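All residue numbers in the sequence shown are consecutive under the working numbering, ending with 284. Where a beta carbon is used, it is the ideal one built from N, C-alpha and C, also for glycine. Predicted, not measured: the structure shown is a model, and the values here were computed from it.
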Amino acid sequence: MSKNGLNGKSGRLDVRKTYKMLIGGAFVRSESGRALDVEAPGGKWLGHVCRASRKDFRNAVVAARKAAAGWASTTAYLKGQILYRAAEMMEGRSSSLCEVLQSVGHSSAAAKSEVSQSIDLLVYYAGWADKYLQIFGSVNPVSSPYFNFSVTEPMGVVAYVAGEKRPLFDLVSGIAPIVVGGNSVITLSTGRSAVAAMELGEVLATSDIPHGVINLLCGLREELVGQMSSHMDVNALVVQGGDEKEHAASREACALNLKRYFLKSQESKCDEDPYRIMDTVEIKTTWHPVGG
-7 MSKNGLNGKS GRLDVRKTYK MLIGGAFVRS ESGRALDVEA PGGKWLGHVC RASRKDFRNA
53 VVAARKAAAG WASTTAYLKG QILYRAAEMM EGRSSSLCEV LQSVGHSSAA AKSEVSQSID
113 LLVYYAGWAD KYLQIFGSVN PVSSPYFNFS VTEPMGVVAY VAGEKRPLFD LVSGIAPIVV
173 GGNSVITLST GRSAVAAMEL GEVLATSDIP HGVINLLCGL REELVGQMSS HMDVNALVVQ
233 GGDEKEHAAS REACALNLKR YFLKSQESKC DEDPYRIMDT VEIKTTWHPV GG
């Protein structure tokens, strides 16, 4: 690029990418106006991404709560179709996703592999959408004239802090089981992984996922994880990465407001696991008199 900002070959101005957060189906900048510098592993400056504030997180909670009831009542079959559609959109944008991963330090082969694994994982969980209820629900034997059923129910609003080791895959592997279970989710991506998250947001916004079901923030863990742990309208917190000090503080804050806390390993060898869906759902047992 020349000093005057013109592309040397065509004489056109370069159109620089602007990454925004996804909240309630809208692409927004941080209400604080702050931004984060993103650098490649070698120190090369890549650009700016929004730096979410606590107010941005609260706005995301409002959007997620508004979408939660409608998404929970969506039929299991339709949930699977919608997630499969999102995988289709990712497939169509695979080249741009690969380009983003390469810009933050992945080799070409590693980027293609991570994008393919992310798409495959989303298809995997889309297939479980109308099956896990049959596997984990039950009709229970009781010694009285009642029918006794146990069924899964979504918890509601789940916050997810994504790791940085595999920017795209870590994000998809956290989001997919949460939304398959009927929850809405607010994710926080940090560092170089934020670029992949914002690129994924552009894919999800053009799929059939209802607005507010998936909300993507980028910012600093030390600013927002504590808010995620203590917010009274968040029903569960899933965390990947971080240190023991952060984990201990999050567990304590979650215990104070009866929020479920789950630490997701970055070294997991099996992300294709229907039990990940169960991390953010509850079991409801119903008694019904026989012959009522």
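Per DSSP, Tyr138 is one residue of the beta strand (DSSP E) stretching across Tyr138 to Pro146. Counting every other CB atom within 10 Å of its CB across the protein chains shown gives Thr278 a total below 16, marking it as exposed. Per DSSP, reduced to three states, the secondary structure at Ile275 is strand. The secondary-structure analysis by DSSP pairs Tyr253 across a beta bridge with Leu229. A residue is called buried once 16 or more other Cβ atoms fall within 10 Å of its Cβ, and Val134, having fewer, is exposed.
Tyr138 is the residue among Asp265, Ala245, Ile167 and Tyr138 whose C-alpha sits nearest the C-alpha of Pro281.
Pairing Val187 with Leu38 gives a Cβ-Cβ distance under 8 Å.
One Cα belongs to Asp225, the other to Val149, and the distance between them is close to 7 Å. Three or more beta-carbon pairs drawn from the stretch 195 to 214 and the stretch 7 to 26 are found closer than 8 Å, and the two stretches are therefore classed as touching. Ranking Gly173, Asn51, Met82 and Ser22 by CA distance to the CA of Leu70 puts Gly173 first. Here Asn207 carries a strand assignment [DSSP, helix/strand/coil].
Nearest to Asp265 by C-alpha distance, out of Glu31, Gly62, Gly119 and Arg77, is Gly119. Here Asn140 has Asn132, Val134 and Trp279 as same chain residues with Cβ atoms under 6 Å from its own Cβ, once five neighbours each way along the sequence are excluded. The C-beta separation of Leu229 from Met220 comes to about 6 Å, placing the pair in contact by the 8 Å criterion. Of the other Cβ atoms in all chains shown, fewer than 16 fall within 10 Å of the Cβ of Pro33; this residue is therefore exposed.
Under the DSSP definition of a beta bridge, Thr10 lacks any partner. Contact annotation, Ala44 with Leu216: C-beta distance approximately 6 Å; criterion of less than 8 Å satisfied. Between the C-alpha atoms of Glu106 and Ser176 there is a straight-line separation of about 24 Å.
Of the residues Gly84, Ser185 and Val7, the one whose Cα lies closest to the Cα of Val41 is Ser185.
Taking a contact to require three or more Cβ pairs closer than 8 Å, the stretch 230 to 249 and the stretch 154 to 165 qualify as touching. As for any alpha helix (DSSP H) of minimum length 4 sitting wholly inside the stretch 152 to 208, the runs are 159 to 172 and 185 to 197, ordered along the chain. The three-state secondary structure of Leu212, taken from DSSP, is coil. Here DSSP, grouped into helix, strand and coil, assigns His223 to coil.
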